[in-house]
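Worksheet: the structure to be examined is printed underneath.
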Amino acid sequence: MLVPPVDETAGQDAPEPKPRHKASRAPRTPMPEREPMQRVRSFAEVNLGYSVEEAHAEAARCLQCANPTCIDGCPVNIDIKSFIGAIIEGDTKRGVEALKARNALPAVCGRVCPQEEQCEAVCVLARKGEPVAIGRLERYLGDSDLACDLESRCRPAVGAPTGKRVAVVGSGPAGLACAGELAMLGHEVVVYESLHEPGGVLVYGIPEFRLPKEIVSAEIEMLMELGVEIVTDVVIGATYTVDELLREEGFDCAFIGAGAGLPVFMGIPGENLNGVYSANEFLTRVNLMRAYEFPKSDTPVWRGRKVAVVGGGNVAMDAARTALRLGAEEVFLVYRRTAHEMPARREEVHHGEQEGVEFKMLCAPLEIRGRDGFVTSIVATRMELGEPDASGRRAPVCVLDSDFEIECDTVIMAVGTRANPLVAKAAKGLDLDRRGYIVADENGQTSKRRVFAGGDIVTGAATVILAMGAGKKTARAIDARLSGRG
Amino acid sequence: MFPILSNRQLSDAAFEMTVVAPAVARRAKAGQFFILRVDAVGERVPFTFSDWSAEEGWIRFIYMRVGATTHKLTHLQAGDVLADVVGPLGVPSRAGGLGRVAVVGGGVGAAVAYPVAREMCASGDEVTVILGARNADLLILEDEFRALPLKELVIMTDDGSAGEKGLVTHPLKAMCEASAVDHVMAIGPAIMMKFCAATTKEFGVPTVVSLNPIMVDGTGMCGACRVTVGGETKFGCVDGPDFDGHLVDFEELMSRQRVYVDDERAADAEVYRGCSCHL
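Same order as they appear, the protein sequences are chains A and B. Numbering-wise, the first sequence is residues -4 to 481 according to my numbering. Numbering-wise, the second sequence is residues 14 to 292 according to my numbering.
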């Protein structure tokens, strides 16, 4: 199949030594997935990942642009062109190396990054229709690597030991990315995790059917191979303070990547009835504590028959789809704007729709009603969209006298998080903003010279990859400080 | 892994466990709690410290056998391990500058009352302890309390088998009526704390209660432990466990404590199936 070159930037730089890759014009290769009716009662992963043939077919669509724009679209600047080029040439190993040079958790990011807003959004092919499925190819390589036994997996080069020690607070995406980068630069890293398992939101928040926990633990296993030490069951701000780590435990610097923390409730009547959960609690019970295996695991979860999920983000979608898998007959999402404004990834919304999640758009909860302490219904009002607000989205406004009541036995609040007050106790004199998040510059430097921070605890709730980007970038700033360059 | 130093039965209902956890013991303060997980499938359950030694690196707590976790705990012995111990969590109890204090400990609440009373004594408060139990066999830590420099130790049992017959609210009310108390700390079953708070309210005596809502992470992340205090939602784990007893919505607290009663029975039954005990 001969294809005319569509690479608009090709030829601007010195010619490549290799024969020019002829891009395939086939449509984007779909992700194989479990059938909706089969997967909705199971926690098994929905997306099955590309086969070798599918990965090759998709990689072949890449134009291998001379000036690839996709790389700038990635918060950690993965050399996307190279890893796709390696797949085209059938050299999986080199692809994995190119990928892991910039991203310590490719199998995780290939699953949960919003690529459609990042690398894929700026892919040249996006302008002409369908971008290359960069995320799916990333996952393909990440999974190929994890399929090998530990010894033969791609191992990024670790620099000579510097003799410097860094404490990392929190083992979520920010902390793991920071720890991995610092370890590769030759520093000794100890990660402190407050829960009993490392991984942060990757373990307690994102469900098994979207991100299998064995993927997370395999990626963490590799970080430990690089020399990162992980200590669970330690709450910084309670068990130790950051000041103690620096003063008494001999750390040269500390990175705080403690996450967004406290769940937000709406402050409406009935929110403390039994059967009302924060999404954090509901997901933690099911994911981290494996309540879906109850009573084989000891942690119970209230298994609702009719479940209302309040919110429109990825966490709301995760909660709704988890409720279905726990056996709910009916799950509906209550969102005060329209599908257009929903912050959830389109893929998640689409999967939710396929599985039977009902969407009640332009609805805002007013009250939760109950009997004998347990939820029986939710009262909501209709909304309409008015003028754009500070976020640029059209602000929802109440429609007068449009209240209605829907029967339900569970309500899950997925309306955001705020800063955890334990953070303020972590280090004396740490500047916080008025919402309680840590103030840090673009290199993660806080008001204390040896203390750095990144991820949701600086920005408020965001995405896995943004937190990883912040962790990585800050690791470089810490390295500069430790080697006397910053 | 956290090695168990000892696990002994104190009464028909109560057991006392001592666990090696130096990092937790190092910073523990009276009124704080920790979270444990017995094993790899265990639930995260909060317990308030009954004692600790920063020097020797151990913590101690008292529990009743009520569900899967505490059932498993009863079977562990010195040398066994707990999968996880994390803490110290929560805000320590106030001590010092309180004046004449009545510390009320009901049932296993006495275990939490002990270090709080000890800390208050050490901080210069004048402390009267009122211990309540259904009967003499359920009374715990009497000797430990007697060893403290208390103003008085009052023991109340429902059947009069130890101390006076009656409820803890009787001597508490008498103290209020005699204007002999400036501050009350009540620790025990929610219903007891509710009545203690109701007793002191009409006399305007400040009353702090130590709440024990259901928790998961214990660090403010999940909100399972929310309680209504003065019309506001608070998180037991990071804002508490101590709250103004006159402002706590006890009905809601008790309702929320019961949410998993059926599940707890099911989990315990599951533990029973693999267990030869006849507790």
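Think of the CB as a built atom: it goes at the ideal place given N, C-alpha and C, for glycine as much as any other residue. A quick note: this is a predicted structure, and the numbers were derived from the prediction, not measured.
| said: Measuring alpha carbon to alpha carbon, tell me which residue in B:TYR273, B:GLU245, B:GLY253, B:GLU277 is nearest ASP262 of chain B. | reply: As a working mapping, residue 262 of chain B is identified with position 249 in the second sequence. That would be B:GLU245, whose Cα lies nearest to the Cα of ASP262 of chain B.
| task | Please report how far the alpha carbon of ASP2 of chain A lies from the alpha carbon of VAL71 of chain A, in whole angstroms. | result | Residue numbering aside, residue 2 of chain A sits at position 7 when the first sequence is read from its first letter. Residue numbering aside, residue 71 of chain A sits at position 76 when the first sequence is read from its first letter. Reliability fails at ASP2 of chain A, whose pLDDT of 43 lies under 50, so the model's placement of it is uncertain and no value is given.
| In chain order, what residues of the same chain lie with their CB nearer than 8 Å to the CB of SER4 of chain B, ignoring the 5 residues before and after it? | What is shown of chain B runs 14 to 292, which leaves residue 4 of chain B out entirely.
| task | Write down every uninterrupted run of the beta strand (DSSP E) in the region 249 to 290 of chain A whose length is 3 residues or greater and which is fully enclosed by it, in chain order. | result | 271 to 273
| message | Is it the case that the region 203 to 222 of chain A contacts the region 106 to 114 of chain A, given that we only count it when at least three CB pairs across the two stretches are under 8 Å? | response | Short answer: they touch.
| Which stretch, first to last residue, makes up the beta strand (DSSP E) that contains LEU18 of chain B? | The sequence position of residue 18 of chain B within the second sequence is 5, counting from 1. Per DSSP, LEU18 of chain B belongs to the beta strand (DSSP E) from 15 to 22.
| Excluding five sequence neighbours on each side, which residues of the same chain lie with their C-beta closer than 7 Å to the C-beta of ALA50 of chain A? | Your numbering for residue 50 of chain A matches position 55 in the first sequence. Same-chain partners within the cutoff: ILE82, LEU132, TYR135.
| Within chain B, partners of PHE289 of chain A - CB distance below 9 Å | Counting from one through the first sequence, the residue named residue 289 of chain A turns up at place 294. ASP276, ALA279, ALA280, GLU283, listed in chain order.
| query | Taking only runs of the beta strand (DSSP E) that begin and end inside the region 149 to 193 of chain A, which ones reach a length of at least 3 residues, in chain order? | reply | 160 to 164, 183 to 187
| field | Under 8 Å between C-beta atoms of GLY256 of chain A and ARG388 of chain A | value | Your numbering for residue 256 of chain A matches position 261 in the first sequence. Your numbering for residue 388 of chain A matches position 393 in the first sequence. No, Cβ-Cβ distance for GLY256 of chain A and ARG388 of chain A is not below 8 Å.
| Simplified DSSP state of VAL370 of chain A, which is helix, strand or coil | Locating residue 370 of chain A in the first sequence gives position 375, where the first residue counts as 1. Strand, per DSSP.
| Proximity of PHE250 of chain A and VAL164 of chain A at Cβ, strictly below 8 Å | Taking the first sequence and counting its residues from 1, one reaches residue 250 of chain A at position 255. Taking the first sequence and counting its residues from 1, one reaches residue 164 of chain A at position 169. The answer is yes: Cβ separation under 8 Å.
| query | First and last residue of the beta strand (DSSP E) that includes THR170 of chain B? | reply | The residue given as residue 170 of chain B occupies position 157 in the second sequence. Here the beta strand (DSSP E) through THR170 of chain B covers 165 to 170.
| said: Give me the chain A residues within the contact set of GLY100 of chain B, using Cβ-Cβ distance strictly less than 8 Å, ordered along the chain. | reply: Here residue 100 of chain B is taken as the residue at index 87 of the second sequence, counted from 1. Those are VAL230, ALA233, THR234, listed as they occur along chain A.
| query | Are the C-beta of ASP230 of chain B and some C-beta of chain A separated by less than 8 Å? | reply | Locating residue 230 of chain B in the second sequence gives position 217, where the first residue counts as 1. Taking Cβ atoms only, chain A reaches closer than 8 Å to ASP230 of chain B, which makes this a yes.
| Which partner residues of HIS183 of chain B appear in the DSSP bridge assignment? | Sequence index remark: in the second sequence, residue 183 of chain B carries index 170 (1-based). As far as DSSP is concerned, HIS183 of chain B takes part in no beta bridge.
| Is the distance from the Cβ of GLY466 of chain A to the Cβ of GLY252 of chain A below 8 Å? | Position 471 of the first sequence, counted from the start, is the residue given in the question as residue 466 of chain A. Position 257 of the first sequence, counted from the start, is the residue given in the question as residue 252 of chain A. Going by C-beta atoms, GLY466 of chain A is nearer than 8 Å to GLY252 of chain A.
| task | Would you mind working out which of A:GLU400, A:ASN269, A:ASP140 sits nearest ARG148 of chain A, comparing C-alpha positions? | result | If you number the first sequence from 1, residue 148 of chain A lands on position 153. The shortest C-alpha separation from ARG148 of chain A is found at A:ASP140.
| field | Cβ distance (whole Å) where ILE401 of chain A is taken to contact ALA475 of chain A below 8 Å | value | Position 406 of the first sequence, counted from the start, is the residue given in the question as residue 401 of chain A. Position 480 of the first sequence, counted from the start, is the residue given in the question as residue 475 of chain A. Cβ atoms of ILE401 of chain A and ALA475 of chain A stay farther apart than 8 Å, at about 55 Å.
| task | Could you have a look at LYS301 of chain A and say whether DSSP puts it in helix, strand or coil? | result | Taking the first residue of the first sequence as 1, we reach residue 301 of chain A at position 306. Three-state result, LYS301 of chain A: strand.
| message | Suppose the cutoff is 7 Å on Cβ atoms and the five residues either side in sequence are ignored; what does the same chain contact list for ALA149 of chain B look like? | response | Reading the second sequence from its first residue, position 136 is the one you call residue 149 of chain B. So the qualifying residues of the chain are THR170, SER174, ALA175.
| query | chain A beta carbons: is any one of them nearer than 8 Å to that of ARG147 of chain B? | reply | The residue labelled residue 147 of chain B in the question sits at position 134 within the second sequence. So, not an interface residue.
| query | Using the beta-carbon of each residue, which ones in chain A are nearer than 7 Å to ALA38 of chain B? | reply | Within the second sequence, residue 38 of chain B is the residue found at index 25, counting from 1. What ALA38 of chain B touches in chain A: nothing, since even the nearest Cβ is about 10 Å away.
| C-beta neighbour in chain B for GLN166 of chain A, strict 8 Å | Taking the first sequence and counting its residues from 1, one reaches residue 166 of chain A at position 171. Reading the sequence as shown, one finds Ser at residue 166 of chain A and not Gln. Judged by the 8 Å Cβ criterion, SER166 of chain A is not in contact with chain B.
| Applying the criterion that 16 or more other CB atoms from any shown protein chain within 10 Å of the CB defines a buried residue, is GLY6 of chain A buried or exposed? | Here residue 6 of chain A corresponds to residue number 11 of the first sequence, with the count starting at 1. Its pLDDT being 43, under 50, GLY6 of chain A is placed unreliably by the model, and nothing is read from it.
| task | Indicate the three-state DSSP secondary structure (helix, strand or coil) for ILE83 of chain A in the structure shown. | result | Against the first sequence, residue 83 of chain A aligns to sequence position 88. ILE83 of chain A falls in the helix class under three-state DSSP.
| List, in order along the chain, the chain B residues whose C-beta lies closer than 9 Å to that of ASN482 of chain A? | Coverage of chain A is limited to positions -4 through 481, which leaves residue 482 of chain A absent and any answer about it impossible.
| task | Would you list the one or two residues that DSSP bridges to LEU49 of chain B? | result | Taking the first residue of the second sequence as position 1, residue 49 of chain B is located at position 36. Per DSSP, B:VAL58, B:VAL98.
| With 16 other Cβ atoms within 10 Å as the buried cut-off, status of SER166 of chain A | Counting from one through the first sequence, the residue named residue 166 of chain A turns up at place 171. Counting Cβ neighbours within 10 Å, SER166 of chain A comes out buried, since at least 16 surround it.
| query | Taking the continuous alpha helix (DSSP H) assigned at GLY466 of chain A, which residues delimit it? | reply | Residue 466 of chain A sits at position 471 when you count from the first residue of the first sequence. That run of the alpha helix (DSSP H) goes 459 to 477.
| task | Could you work out which residues of chain A lie near TYR273 of chain B, taking near to mean beta carbons separated by less than 7 Å? | result | Locating residue 273 of chain B in the second sequence gives position 260, where the first residue counts as 1. Annotation: Cβ neighbours of TYR273 of chain B in chain A (cutoff 7 Å, chain order): PRO295.
| field | Members of the region 271 to 282 of chain A near chain B, C-beta cut-off 7 Å | value | SER273, ASN275, GLU276, THR279, ARG280
| Listed by chain order, chain E residues near MET284 of chain A by CB distance under 8 Å | No chain E appears in this structure, whose protein chains are A and B.
| said: Suppose the cutoff is 8 Å on Cβ atoms and the five residues either side in sequence are ignored; what does the same chain contact list for VAL(-2) of chain A look like? | reply: By 1-based counting over the first sequence, the position of residue -2 of chain A is 3. Residue confidence for VAL(-2) of chain A is low, a pLDDT of 44 falling below 50, so the modelled location carries little weight; the figure read from the coordinates is stated next. Same-chain partners within the cutoff: LYS17, ALA18, SER19, ARG20.
| said: Does ARG278 of chain B come out as helix, strand or coil in the three-state DSSP assignment? | reply: Residue mapping note: residue 278 of chain B aligns to position 265 of the second sequence, counting from 1. In this structure, DSSP gives ARG278 of chain B a helical state, which the three-state scheme calls helix.
| For a contact meaning CB atoms closer than 8 Å, what does GLY112 of chain B contact in chain A? | If you number the second sequence from 1, residue 112 of chain B lands on position 99. Neighbours of GLY112 of chain B on chain A: none; closest Cβ ~29 Å, over 8 Å.
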